[in-house]
Amino acid sequence: MDTVFDYGGRTGYEPISDTDRKEFHEQGFMLLRNVLTEDHRAALEEAVDRVYAEEKAAGNTTKDGTLHLLGFLERDELFGELLTHPIAFPYMWGLAGWNIYTHHNHLDVTPPALEPEKPYWGWHQDGYRQNSDPETMDPNLPRPMFSLKVAYVLSDLSEKGRGATKVIPGSHLWNSLPRPADLSVQNPDPEGTVEITANPGDAFIFDRRQWHSRSTNLSNITRKMLFVGYTYRWIRPLDELHPDKDGQWYANRTPVQRQLLGEGTHTANYWGINWNGYVDDEIPLRKELKERGLLDRSIPWLR
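Counting the sequence shown from 1 gives a position; the working numbering is that position plus 1441.
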């Protein structure tokens, strides 16, 4: 791409610290400050505004103007580059390993609410059947993470009431969350709830098991967010991506970014191996990490 943003030489292959890894495993999420440079954030917001205008013209927003657009990456060159963002990407491979791709990503625009919200209980874990199918009946045995997301904050969410995501730190280790008996009335948030207040250009990452909920935008600021989810290549995609593999957008993608878009050489490759049963060292992200000396036998997902 022609536009280059200055990240001080960061490449996206700087390993995360043991402290960060410990915090994420204990809390289930992390707020990362100043992930986007201001010129990068502004360019992304401009791209979001263009996509929003296109979707609104096509009648794809709700009556209050809200847009929740799945599979948005191919809509702009800048979005494709987010796959390997130099500050956020190390958390993705550092916490999930090299055999990953993006299975789920969404662009969210949430204008100020037109009216007070009706009673609503939105607390959930991501993953749908991943919260039911894995074999565990023991409430004290958390189900696997399977995936995580990075959320890029493009608008000012530094104060509560602007539609920010709410989380319960540490709840990724709970397989269930009690629901109120009466959902026809307003119920208080669960004990320990935190609303992620963030500045433009910040980002946060979270384990898909983290119990979280949207909140109502009661301000006069339109909330704008980009979410990119990563999971293991042996898990099927949730969103449909339809990149033109003969077009310029796909041609601009690096080998690692193409892996993250779901590219593979054969079915066994998605399981991290060749047909002989041995690890495929040519899988782009594994190859990159190996060449940089970043594989680590002490961390299972980085072996």
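Think of the CB as a built atom: it goes at the ideal place given N, C-alpha and C, for glycine as much as any other residue.
Contact check, residue i vs residue j, beta carbons under 8 Å
{"i": "residue 1555", "j": "residue 1665", "result": "no"}
{"i": "residue 1542", "j": "residue 1672", "result": "yes"}
{"i": "residue 1743", "j": "residue 1593", "result": "no"}
{"i": "residue 1677", "j": "residue 1589", "result": "no"}
{"i": "residue 1610", "j": "residue 1635", "result": "yes"}
{"i": "residue 1546", "j": "residue 1668", "result": "yes"}
{"i": "residue 1472", "j": "residue 1639", "result": "yes"}
{"i": "residue 1644", "j": "residue 1591", "result": "yes"}
{"i": "residue 1663", "j": "residue 1550", "result": "yes"}
Selection from the options that minimises the alpha carbon distance to residue i
{"i": "residue 1579", "options": "1470, 1616, 1728 and 1508", "result": "1616"}
{"i": "residue 1602", "options": "1685, 1552 and 1523", "result": "1552"}
{"i": "residue 1685", "options": "1626, 1500, 1521 and 1549", "result": "1521"}
{"i": "residue 1571", "options": "1583, 1517, 1561 and 1640", "result": "1583"}
{"i": "residue 1507", "options": "1700, 1621, 1638 and 1548", "result": "1548"}
{"i": "residue 1621", "options": "1562, 1486, 1613 and 1577", "result": "1562"}
{"i": "residue 1491", "options": "1516, 1467, 1512 and 1479", "result": "1516"}
{"i": "residue 1544", "options": "1526, 1574, 1734 and 1512", "result": "1512"}
{"i": "residue 1467", "options": "1689, 1613 and 1494", "result": "1613"}
Delimiting residues of the alpha helix (DSSP H) encompassing residue i
{"i": "residue 1511", "result": "From DSSP, residue 1511 is part of no alpha helix (DSSP H) but of the beta strand (DSSP E) over 1508-1511."}
{"i": "residue 1519", "result": "1518-1522"}
{"i": "residue 1728", "result": "1725-1732"}
{"i": "residue 1697", "result": "1696-1701"}
{"i": "residue 1446", "result": "First-last for residue 1446: undefined, no H or E at that position."}
{"i": "residue 1407", "result": "The question about residue 1407 has no answer here: the residues shown for the chain are numbered 1442 through 1744."}
{"i": "residue 1535", "result": "1530-1537"}
Opening and closing residue of the beta strand (DSSP E) in which residue i lies
{"i": "residue 1639", "result": "Residue 1639 -> no beta strand (DSSP E), and no H or E assigned at all."}
{"i": "residue 1498", "result": "Here residue 1498 belongs to no beta strand (DSSP E); instead the alpha helix (DSSP H) covers 1479-1498."}
{"i": "residue 1472", "result": "1470-1473"}
Same chain, Cβ closer than 8 Å to residue i, neighbours up to 5 away in sequence not counted
{"i": "residue 1716", "result": "1707 and 1709"}
{"i": "residue 1560", "result": "1624, 1625, 1626, 1627 and 1628"}
{"i": "residue 1497", "result": "1506 and 1508"}
{"i": "residue 1452", "result": "1527"}
{"i": "residue 1462", "result": "1535 and 1536"}
Residue i at chain B interface by Cβ criterion, 8 Å
{"i": "residue 1709", "result": "The question asks about chain B, but that chain is absent: this structure has only one protein chain."}
Own chain residues within Cβ distance below 7 Å of residue i, not counting five before or after
{"i": "residue 1674", "result": "1540, 1541, 1542, 1705 and 1711"}
{"i": "residue 1713", "result": "1540, 1720, 1721 and 1724"}
{"i": "residue 1681", "result": "1512"}
Cβ shell of residue i (< 6 Å), same chain only, five flanking positions each side left out
{"i": "residue 1632", "result": "none"}
{"i": "residue 1657", "result": "1554 and 1558"}
Segments assigned beta strand (DSSP E), at least 3 residues, entirely inside the stretch 1539-1617: 1541-1551 and 1588-1594
Contained beta strand (DSSP E) runs [length at least 3] in the stretch 1632-1691, N- to C-terminal order: For the stretch 1632-1691, whole beta strand (DSSP E) runs of length 3 or above, ordered along the chain, are 1644-1648 and 1664-1673.
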